[in-house]
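To start, the structure under review is shown below, and the notes come after it.
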Amino acid sequence: MITDERTATFIDSISGLNTPYLEELEKKAHAEGIPVIRRATQSLLKFILADHKPENILELGTATAYSAIFMATYGGNVHIDTIENYEKRIAEAKINIESSGFEGAINLIEGDAQSVIEELAAGAKSYDMIFIDAAKAQYLSYLPVCKKLLRVGGILISDNVLFDGDIILSRFAVRRRDRTIHARMREYLRVISEDEELVTTILPIADGMTLSVKCR
Ligand code: SAH
Ligand code: MG
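Set out below in structure tokens:
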């Protein structure tokens, strides 16, 4: 958490409950150690869904479909393509999507996010909103393809970009095994901020997020 723990906990505590189904699913995910979008990320997504009213959404990184079901719940009339490559999670995501009743709105695509988005781009697919929440080391290579897949005026969101604040550390203060991912995420933040087709804000909420609009 980047803001101090007490402030973040306070904000989360007044942000209200989600639907009982989502509350259950989130609890189960926490108990099983499955990654789910944090509360601050949820309220930002809720805001964007209400404000921007995206219809076609692409998500990279389904895990067990908590965030996809969340977007289907609060997005009104949405269609969500969501990509996951980890078999165990795919199996659980399928069960959750089915029991959520959103199987008509959520299309789970099995495979490596990079190859799947390239195929989608080749098929001239276009989205109103894209949520990047898959392999952090790959964000930089997802970006150009995601830009192609995003319509002008569309919103691009990426999650977990600040590593709980560790992004500001020098590479030597980062554990050796984390250095590559650290350098790549820094480069991603630089590239997305300087991109002339995007207007981007980096938000120090949850684990750090970027929010971009494709302006041309
Ligand atoms: N969006 C989910 C959490 C995603 S966690 C939620 O909030 O409910 C990140 C997920 O990305 C993990 O399940 C991981 O298996 C998946 N992932 C990582 N690398 C991937 C890749 N190359 N292709 C597809 N999925 C990937
Ligand atoms: Mg995440």
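The C-terminal residue of the sequence shown carries number 350 in the working numbering, and the numbering is unbroken.
Just so it is clear, CB atoms sit at the ideal spot from N, CA and C, and this is done for glycine as well.
Small disclaimer: the values here were computed from a predicted structure and weren't measured.
Check whether the Cβ of D293 lies closer than 7 Å to any heavy atom of the ligand MG, and answer yes or no.
-> yes
Could you give the distance in angstroms between the alpha-carbon of A163 and the alpha-carbon of R223?
-> 11 Å
Take L179 as the anchor and find which of N230, I251, T207 has the nearest alpha-carbon.
-> T207
Could you tell me whether the Cβ atoms of A247 and K282 are closer together than 8 Å?
-> No, they are not a contact pair.
Neighbourhood of I291 by C-beta distance below 6 Å, restricted to the same chain and skipping five residues each side | F265, L345
What are the boundary residues of the alpha helix (DSSP H) that includes N219?
-> First-last for N219: undefined, no H or E at that position.
Separation of C349 from S234, as counted between CA atoms | 35 Å
Three or more C-beta pairs below 8 Å linking the region 299–307 and the region 256–275 | no
According to DSSP, is N230 helix, strand or coil?
-> helix
Using the DSSP secondary-structure output, state which residues sit across from M263 in a beta bridge.
-> I191, I289
Roughly how many whole angstroms lie between the Cα atoms of K187 and G209?
-> 7 Å
Cβ of I326 within 8 Å of Cβ of I182?
-> no
Secondary structure at E328, three-state DSSP: helix, strand or coil?
-> Reduced to three states, the DSSP call for E328 is helix.
Just grab the DSSP bridge partners of N241 for me.
-> D215
Which residues in the same chain have their Cβ closer than 7 Å to the Cβ of V212, if we skip the five residues on either side of it in sequence?
-> Annotation for V212: P188, E189, I191, M205, A206, A239 place their beta carbon closer than 7 Å to its own, counting only its chain and skipping 5 residues before and after.
Alpha carbon to alpha carbon, how far is R305 from R285?
-> 36 Å
Cβ shell of A199 (< 6 Å), same chain only, five flanking positions each side left out | A227, N230, I231
Which word fits D185, buried or exposed, when buried means at least 16 other C-beta atoms lie within 10 angstroms of its C-beta?
-> exposed
Does the Cβ of D267 lie closer than 7 Å to at least one heavy atom of the ligand MG?
-> yes
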